[in-house]
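Q:
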Amino acid sequence: MAGYSHDKDEHLKRLRRIEGQIRGLQRMVEDDKYCIDILTQVSAATRALQSFSLGLLDEHLAGCVVDAAQKGGPEADAKVREASEAIARLVRS
465 MAGYSHDKDE
475 HLKRLRRIEG
485 QIRGLQRMVE
495 DDKYCIDILT
505 QVSAATRALQ
515 SFSLGLLDEH
525 LAGCVVDAAQ
535 KGGPEADAKV
545 REASEAIARL
555 VRS
């Protein structure tokens, strides 16, 4: 079971809002809106995705990684390495 399963509906709701923001950006470009206004909305959508990502990462660390660490062994090492790589990707984005 995925670590986010208990909040799946909330996650889907947030992603649908972000999807709406992206569709709004498409409309702005189609309607030839002012560049700065579009960039402002791009920034808002980016922040929304970053916030979603950090929440999902937090759930992963608190659930999957902690469970694996408690069991120990190679699975724990793999989960910690996987989480570190995910954090590095988020930092670079």
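In this text, residue positions in the sequence shown follow our numbering: the first is 465, and each later residue adds one. Virtual Cβ for every residue (Gly too), placed ideally from N, Cα, C. All values derive from a computational prediction rather than experimental measurement.
Buried or exposed, going by whether 16 or more other CB atoms sit within 10 Å of the CB of K543?
A: Per the 10 Å Cβ criterion, buried.
Q: Assuming L489 and Q514 make a contact with CB atoms under 8 Å, what is their CB distance in whole Å?
A: Not a contact, Cβ separation roughly 16 Å.
Q: Quick check: what's the CA-CA separation for L521 versus I551?
A: Cα to Cα, L521 sits roughly 8 Å from I551.
Q: Which class does D531 belong to by DSSP, given the choice of helix, strand or coil?
A: Of the three classes helix, strand and coil, the one that applies to D531 here is helix, per DSSP.
Q: Identify the continuous alpha helix (DSSP H) that holds L496 and give its terminal residues.
A: Looking at the sequence shown, residue 496 is not Leu but Asp. Per DSSP, D496 belongs to no alpha helix (DSSP H) and is neither H nor E.
Q: So what's G536 in DSSP terms, helix, strand or just coil?
A: Coil, per DSSP.
Q: Use the C-beta contact count for A532: other C-beta atoms within 10 angstroms, 16 or more gives buried, fewer gives exposed.
A: Buried: at least 16 other Cβ atoms inside 10 Å.
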